[in-house]
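Below: the structure, in structure tokens.
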Amino acid sequence: MYSSMNQSINNGDMSQFVTDLQNAIDSEYNAIQCYEKMAKQASNKKEMEQILEIREDEMKHYEQF
């Protein structure tokens, strides 16, 4: 299975793969920043905690890269 996957990448457009990967990383980073701003604007503590919990999930996604 590895060889067929490797062959697909070699035969395909590697630059598109890299671009897509960078876009995914950028999206996770932007989501983290967005949720941070939203948490600062939360109207109460419960709302802030919920937003920060979502932000934590996004941070885990980002760290996977």
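Residue numbering for the sequence shown is 17 to 81, as defined by the numbering used here. Using N, Cα and C, we set each Cβ at its ideal position, and we do this for glycine too. Model, not experiment: these values are computed from the prediction.
Query: Contact under 9 Å by Cβ, E72 with E44; Result: no
Query: Cβ-based neighbour list, M64, same chain, cut-off 7 Å, excluding 5 preceding and 5 following; Result: A55 and A58
Query: Reduced DSSP secondary structure (H/G/I, E/B, other) of S59; Result: coil
Query: Proximal residues to Y51 (C-beta, below 8 Å), its chain only, five neighbours per side dropped; Result: I67, L68, I70, R71 and E74
Query: Which of helix, strand or coil DSSP assigns to M17; Result: Residue confidence is low: M17 scores 48 on pLDDT, short of 50, so the model does not pin down where it sits. No coordinate-derived value is stated.
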